[in-house]
Structures are given as structure tokens and as C-alpha cells.
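There are 2 protein chains.
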Amino acid sequence: MIPTEETKGAALKYDRVFNFSAGPGGLPLEVLEEAKEDLLSYKGSGMSVLEMSHRGKAYDGIHMQALADLRSLMDIPDDWGVLFLQGGASMENVLVPMNLKMEGSTPSYVDTGYWGHQSIKHAKKLTDLTVAWSDEANGFTRAPDDDEPEFTGAENYVYYTSNETVDGIDYLRDAEFDSDALIVCDASSNILSRPFDLDKYDVIFAGAQKNQGPAGVATVILSPQALDIAAKQDLPLMFSWDAAHKGHSIHNTPPCFTIYVCGLYYKWLQRQGGIEMIQVVNERKAKLIYDAMDGSEGFYKSKVPKSSRSLMNILFNLPSDELTEKFLEDAKVEKMVTLKGHRSTGGVRASMYNAFPETGAVVLSDFMNAFAERYG
Amino acid sequence: MIPTEETKGAALKYDRVFNFSAGPGGLPLEVLEEAKEDLLSYKGSGMSVLEMSHRGKAYDGIHMQALADLRSLMDIPDDWGVLFLQGGASMENVLVPMNLKMEGSTPSYVDTGYWGHQSIKHAKKLTDLTVAWSDEANGFTRAPDDDEPEFTGAENYVYYTSNETVDGIDYLRDAEFDSDALIVCDASSNILSRPFDLDKYDVIFAGAQKNQGPAGVATVILSPQALDIAAKQDLPLMFSWDAAHKGHSIHNTPPCFTIYVCGLYYKWLQRQGGIEMIQVVNERKAKLIYDAMDGSEGFYKSKVPKSSRSLMNILFNLPSDELTEKFLEDAKVEKMVTLKGHRSTGGVRASMYNAFPETGAVVLSDFMNAFAERYG
Numbered sequence: 001m002i003p004t005e006e007t008k009g010a011a012l013k014y015d016r017v018f019n020f021s022a023g024p025g026g027l028p029l030e031v032l033e034e035a036k037e038d039l040l041s042y043k044g045s046g047m048s049v050l051e052m053s054h055r056g057k058a059y060d061g062i063h064m065q066a067l068a069d070l071r072s073l074m075d076i077p078d079d080w081g082v083l084f085l086q087g088g089a090s091m092e093n094v095l096v097p098m099n100l101k102m103e104g105s106t107p108s109y110v111d112t113g114y115w116g117h118q119s120i121k122h123a124k125k126l127t128d129l130t131v132a133w134s135d136e137a138n139g140f141t142r143a144p145d146d147d148e149p150e151f152t153g154a155e156n157y158v159y160y161t162s163n164e165t166v167d168g169i170d171y172l173r174d175a176e177f178d179s180d181a182l183i184v185c186d187a188s189s190n191i192l193s194r195p196f197d198l199d200k201y202d203v204i205f206a207g208a209q210k211n212q213g214p215a216g217v218a219t220v221i222l223s224p225q226a227l228d229i230a231a232k233q234d235l236p237l238m239f240s241w242d243a244a245h246k247g248h249s250i251h252n253t254p255p256c257f258t259i260y261v262c263g264l265y266y267k268w269l270q271r272q273g274g275i276e277m278i279q280v281v282n283e284r285k286a287k288l289i290y291d292a293m294d295g296s297e298g299f300y301k302s303k304v305p306k307s308s309r310s311l312m313n314i315l316f317n318l319p320s321d322e323l324t325e326k327f328l329e330d331a332k333v334e335k336m337v338t339l340k341g342h343r344s345t346g347g348v349r350a351s352m353y354n355a356f357p358e359t360g361a362v363v364l365s366d367f368m369n370a371f372a373e374r375y376g
Numbered sequence: 001m002i003p004t005e006e007t008k009g010a011a012l013k014y015d016r017v018f019n020f021s022a023g024p025g026g027l028p029l030e031v032l033e034e035a036k037e038d039l040l041s042y043k044g045s046g047m048s049v050l051e052m053s054h055r056g057k058a059y060d061g062i063h064m065q066a067l068a069d070l071r072s073l074m075d076i077p078d079d080w081g082v083l084f085l086q087g088g089a090s091m092e093n094v095l096v097p098m099n100l101k102m103e104g105s106t107p108s109y110v111d112t113g114y115w116g117h118q119s120i121k122h123a124k125k126l127t128d129l130t131v132a133w134s135d136e137a138n139g140f141t142r143a144p145d146d147d148e149p150e151f152t153g154a155e156n157y158v159y160y161t162s163n164e165t166v167d168g169i170d171y172l173r174d175a176e177f178d179s180d181a182l183i184v185c186d187a188s189s190n191i192l193s194r195p196f197d198l199d200k201y202d203v204i205f206a207g208a209q210k211n212q213g214p215a216g217v218a219t220v221i222l223s224p225q226a227l228d229i230a231a232k233q234d235l236p237l238m239f240s241w242d243a244a245h246k247g248h249s250i251h252n253t254p255p256c257f258t259i260y261v262c263g264l265y266y267k268w269l270q271r272q273g274g275i276e277m278i279q280v281v282n283e284r285k286a287k288l289i290y291d292a293m294d295g296s297e298g299f300y301k302s303k304v305p306k307s308s309r310s311l312m313n314i315l316f317n318l319p320s321d322e323l324t325e326k327f328l329e330d331a332k333v334e335k336m337v338t339l340k341g342h343r344s345t346g347g348v349r350a351s352m353y354n355a356f357p358e359t360g361a362v363v364l365s366d367f368m369n370a371f372a373e374r375y376g
């Protein structure tokens, strides 16, 4: 794909920019156009989805369709649960130990980066736990092989983070750990970016604001076993997966508009050909950037080995802080924004979720080549 | 005010309806128009607020301005806390006992209706408590006088609901209970509809979706004393008012777009002349409906005495279920929707929050008079 002024112009319609934000991330332009079209009156209802009763027919249709489309995109069986909950992935980090509590068992966590580490901190407020594997001593560079984590055998669940947003580390596979416990996965930054084989999971949760919609809702996918255990807990309504499941996530006023935009996103994903097709595009986008890195003769460096390279969050460092600053400034002139690395890592981070246009990856790759040639 | 076809037409621009929903409720048309205008690219940023990083300058400006405008509208002193949290008022019902826990103290609750009753159920999962006053035996008809609730004297806090959305019951004042404990108020359905004298409160919380914005965020207002007690708790990040306060509610990814729309709503309230002026309009709107009830010679009946009549949620019953059905159907023809009472009460409920246009109240009042004349 060659980035002509024409293709670039189409991607930047309405004076938009290439938004490399790690989250909330960019949305498909078609989704925004559709939301805009119906913002004052949704499909003849005479009201905006922003002001719609969650108990009315119009919203009920939106809500149930979004749930159904997420099920269909991820091939989620009927006896599994799919929830929309508020509070993002951080709230789920707290709800996981509450909803999966089992007398005499404690969980094991795999510590692969910033968010895996945070989840351990959150969970420790509520449960004893074991860290089955950690790469902290190396400053977090990779995901473990399946046989590396050491489990106690007394776990109620095993917890891991399928893609580390801050560190650019991905398992690039459905992990198959040597454990009979429930498998819990924070997939916030790579859900829907590739197929997930549900046989390998019991709980998959994800904040919507990276690969499926705006900030303000998290999706929680639960196996029948996880549902059974959650149903045995005696929790306040707002902490209970069971209550949310039985109430179709309308057990309380849901964030209606946020879920509506997720629903538009799911329809957009379907129009792209579903998850298998979006994976192909995601791989193409990431390859452009990694090729520019690998071809730069060490000008762009990453701590992440090829076996753990995230397709969603690509991190690299330049030879100096001055060059990093210059890179970020010049990129901005080319309409490429939010490329700055997380405060804990520094450097550059290019996040390219499902909605990120392929043209943007071409433009960044070309820009990287030219910048390395000039300053390398 | 006479409802001409012209005034009615202006209120119903874009084929909109009169939305009497109890929540999520209607938004000001100007707010929706502004959100629509900027939906593809917010003020030259090249991106929608729906896809904006919560750590970026553009969103930071939106967020801090919304907090500042809410402070200004409600005259909230600098040493008080103002939070935006996910999970609605129901989540706060759970966080209240967690954040205000004090060794050796238990709270007292005032039980005035559906939501007060729910809050007791939620809180009981987390704390012992006393019901200081309840009108349950009478089917919930009124708010108590200040001296009616009986307190233990050993409370960490006293909890009440300033307006019962489902039952149409309002204190119509800042309650002044005979208690030195912290005063906690669920003001979900009347916050910003009239001035609140903050000297009489320590915690005021409210889901946004009635009087200040879309569903998906709750505002929590905390006195210095409440902040102090919350700071002493050892809670997971997502349950902690202290963490939210110190992090300006960006301690975690906030529901950015929802808060942005609340911010537009606050600006709109300022343009209306602030809370004092909106109160005058709210009183005028409610009077139109109550006058139609009182003038109907018993055709429209309410269980609520005048001293507790809500300005936000007006409930009435017709002589028969058939007439209620007919009323709701005919109203729909006149573009008046979501007038059906809550499943627990039946009858008719007209919710008219801040954003509900005065013309709509005139149209409903005229309709009520004509309907009573025809079928009474």
C-alpha cells in the first residue's frame, strides 16, 4: 500500500488526525458518523440515545443487539455469560477475587508488566495470592512460555494479562498453562483483535476503550463454571457478576450511550469480515512498524523479543531524549499524535487498535524511515 | 404561557418528543446540538471526545472545567471534594458504608420509598444499621418532619433520599435532623434542581442521568469531614473516594464522553441563570401539572400530601386501568412519551427534570384538563 495524498486525505477527512492513543483509542470514522447522524433523534424515536430510558423498547433493542453481536463476533456459546459493566478493567480486577472466591483456595497471578502488576496490587487488598511468574527483575520484556509459571495446585483461578498495553508485550497465543484452575484473562488491549479460543479461558474481561468502543464500560465474558461460582457468592448487587448476568446487564442503569457506540463498533467489525479479517489487517499494520524498526540498524530499539511483540502497542526508543522529542514534534506536523510512551517507560509508543486506519501505519512507517535516515 | 403550534414546534424541533422519562432523562437540545457539532473532531483537536486519551490536554481541560462548573453551580467550597465515579447511585450506596466506616458506629437510614429502601438493602450487605424512620407500612406517601426519625446517637452517618424518583416524594427542603453524625444524601433525582445548603450535608451523591447528563457517571460531593474519614480506609483503588479525590477522578480511565456531556449541561445551566433560576422554572412546570390534578375533581389522584410533592416526579392515578391505558396512548399521539409509572406503583408518572422544556408541561397540563373533561 502506497500512502498517496489521496489515501491520506481520505483517512484524515474532517481534519482528523492519526490517533495513536493507547486508550481511549480511536474509533472507526463510520461509527462516529453514524452516532452523529442519530444524535438528536435515534431512528425516529424522537430522542437521543444519550437521554433514553434503559427500560424502553428502543434502548432494549440496542442493548440486546450489542450483546448478541459481541457473542457472534467471538463465537461465545449460549451457556456462557456476557456482561457490560462500569468501572473498566480496574474494577474487574477487584471483582475477580470477589466473584471467584472459593474456601481454601487462593489464586496465582502471572506478572508480565504494568497492568499485570497493578492487578496483583488490586487483588492483594482482597485475597492472599501467589505470583506464579514475574519478569519484574528484568524490567518486563516478555510473556512467559506456557510451562514457566509455577502453580501451587491449590488455585481457585490463574490470572494473566494477554497484552501489556504499557510494555508492548503480548502472548500472541491463547496461553495453555499447566493448571486445572479457572483461567482469568485481562484482554483489555487485544480483545477482538484476533480470535480467542474460549476453551482456553473461563473469564475474559476488557475495558471497551481500546478495541471495541469508548471509555465507560467493560465487557466480561464468563464460562458456565465461572458463572456457577459467581452465583454462590453473597455480594452487593453492584459487585455481583451473577446479578449482572441474570439482569442482562440492565440490573442497574447501564451506560446506555457507551454501549450503543460499542454496538456500532461490533457492526463495523462484522462489515470488515469479523475477527479473522481484522487480525490480518492488524498484522499488516504492525509489520510495517516492526519492519521500520528492524531495518533502522539500531536507530529504533525495543526491549521486547520478537516472540512477544504486541500488535497493538509498539514501543521503541531512539538514541537520545532529544531525538525522541524531535520525533514526536515532527510526527505531530504530519498529523500523527499521542505517540509518546507511558510515563513509566518513556520513548515512543504507537498503539494501533482495530479502528486505527492502515494508512496511518504506512505514514508512520515512512516517517520512521525518513527520520532514521536523516538523524541516524 | 400559551402553547401555540409555534412554541410547541420549536420545542419539538428535529421531530423530537416530550420525554417524561424518570431516568435517563431528556437533555437540553442545545447540549445535544453542541455534542453533535463536535462529534467527529472536538474543537480542532482532530478527534472525537469519544476517542480521546484521558491523559491528554484536550480531555484534561474538559474534565477540570466540568468539575469547576459543578463547584460553581452548587457553591461548593475549595476544601470539599467533588468526584465523578462510575456505577451510578447504586454503586455509591455500596461505597458509602465502605468509605465512612468507623469502629463502634453504625449508620441510621431514613426509609421514604423505593430507592431509600434499596439503599438499606445494599448497605445491609456491608454493615449493621438502624432504620430511623420508615413509611413502608403506609406504602410510602411522604417525607418525615425533621424530628420524626429516631436516632441511636451512635451513628457514623445518617442517610436519606432527598427525592424519591419512583414514589414522587420530596423533602422540598434541606432536612435538619437531630443528629451530630455525618449527613449522607442520595440526591440523584433533585440535585441541581434547587439550591442545596451544604452546611446541612456531608455527602451528596447523584447519578448524572436525571438532572445533569447521560447515564454512566455519578457525582459525589464530600465535606472535609467526610474526606478525612474516607482517607483513613484501606480500600481497593476503585472503591476509594480518597483515591478518586486525590486523582481528580482521573485515577482510572473516566467515562470521558459522559463527563463531557455533563460539562455541556453545566454550561447550559449557567446560561439559564444557575440553580436559583432553574428552580423557578421547575416550580412553574410542576405547578401546571399539580393544578391540573387539583382541579380535576378527583379524576387524577395522588397519595402524596402537598407538603411532600416532588417537583421532579409527579405521580397520579386515573379512575381505572383502562383509562390509564387510554391516557398513555392518547398522550403518545401528542408526542408525550415515557409517562407510564414505575412497575412497582403503576399509574402515570411525569418526570420533568431541569432539561424538560416548559412547553411540554403546558402541553401535558392542557391534555390532562381535556382528558378529564372528556372521560371524567
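So the sequence lines, in the order shown, correspond to chains Z and R. Okay, so the first sequence: first residue is 1 according to this note's numbering, each after it adds one. Okay, so the second sequence: first residue is 1 according to this note's numbering, each after it adds one. Think of the CB as a built atom: it goes at the ideal place given N, C-alpha and C, for glycine as much as any other residue. Remember, it's a predicted structure, so these values are computed and weren't measured experimentally.
A straight-line Cα-Cα distance of about 24 Å links S162 of chain Z and D242 of chain Z. The C-beta of V333 of chain Z has fewer than 16 other C-beta atoms within 10 Å across all chains shown, which makes the residue exposed.
Per the coordinates, the alpha-carbon of E297 of chain Z lies some 35 Å from the alpha-carbon of F196 of chain Z. Ranking Z:A231, Z:K124, Z:S105, Z:S72 by CA distance to the CA of K246 of chain Z puts Z:A231 first. For D69 of chain R, the closest alpha carbon among the candidates R:S344, R:A331, R:G263 is that of R:G263.
The secondary-structure analysis by DSSP pairs D170 of chain Z across a beta bridge with Z:N163. Rounded to the nearest whole angstrom, the CA to CA distance from F151 of chain Z to W133 of chain Z is 9 Å. Taking the Cα of L269 of chain Z as reference, the smallest distance to any Cα among Z:R16, Z:V17, Z:P28 is reached at Z:P28. The bridge partners DSSP lists for R349 of chain Z are Z:L315.
For the pair M293 of chain Z and E322 of chain Z, the Cα-to-Cα distance works out to about 18 Å. At a beta-carbon threshold of 8 Å, the residues of chain R lying near K335 of chain Z are G46, ordered along the chain.
Counting only Cβ-Cβ distances below 9 Å, V261 of chain Z has contacts in chain R at L50, F257, in chain order. The segment 119 to 139 of chain R and the segment 80 to 96 of chain R touch, with no fewer than 3 CB-CB distances between them shorter than 8 Å.
A straight-line Cα-Cα distance of about 24 Å links I169 of chain R and L222 of chain R. In this chain, the beta strand (DSSP E) harbouring T219 of chain Z covers 218 to 222.
At a C-beta separation below 8 Å, D15 of chain Z has these neighbours in chain R: S41, G44, G46. Your pair F20 of chain Z and L339 of chain Z checks out as a contact, with CB atoms roughly 5 Å apart and the cut at 8 Å. Burial state of N138 of chain R is exposed, judged by a 10 Å Cβ sphere holding fewer than 16 other Cβ atoms. Of R:W80, R:G347, R:G360, R:L50, the smallest CA-CA separation from R284 of chain R is found for R:G360. Put simply, the backbone Cα of N317 of chain R is about 13 Å away from that of Y290 of chain R. The alpha-carbon separation between M47 of chain R and V17 of chain Z amounts to approximately 7 Å.
Taking the CA atoms as reference points, S320 of chain Z sits about 38 Å from K124 of chain Z. Following the DSSP letters along the chain, one finds Y375 of chain R inside the alpha helix (DSSP H) bounded by residues 358 to 375.
L288 of chain R has its alpha-carbon roughly 29 Å from the corresponding atom of T253 of chain Z. Closest by C-alpha distance to V110 of chain R, out of R:N99, R:R55, R:E176, is R:E176. Residue pairing for W133 of chain R: DSSP places it in a beta bridge opposite R:V110.
At least one CB atom of chain R sits nearer than 8 Å to the CB of A215 of chain Z.
Within the same chain, S193, L311 come within 6 Å of N282 of chain Z by CB-CB distance, once the 5 residues on both sides are set aside. Among the CB atoms of chain R, none fall inside 8 Å of the CB of S189 of chain Z. Here the alpha carbons of G153 of chain R and G104 of chain R stand approximately 12 Å from one another.
Residue-level contact by beta carbon holds for V94 of chain Z and chain R, with a gap shorter than 8 Å.
Y59 of chain R and Y353 of chain R have their C-alpha atoms some 28 Å from each other. Less than 8 Å divides the Cβ of V217 of chain Z from the Cβ of F84 of chain Z. Take M238 of chain Z, set aside five residues on each side of it, and the residues of its chain with a beta-carbon closer than 7 Å to its own are N252, in chain order. Residues of chain R whose Cβ lies closer than 9 Å to the Cβ of T253 of chain Z are, in chain order, G23, P24, G88, A89, S90, G207, Q209, A215, G216.
In this chain, the alpha helix (DSSP H) harbouring F257 of chain R covers 256 to 271.
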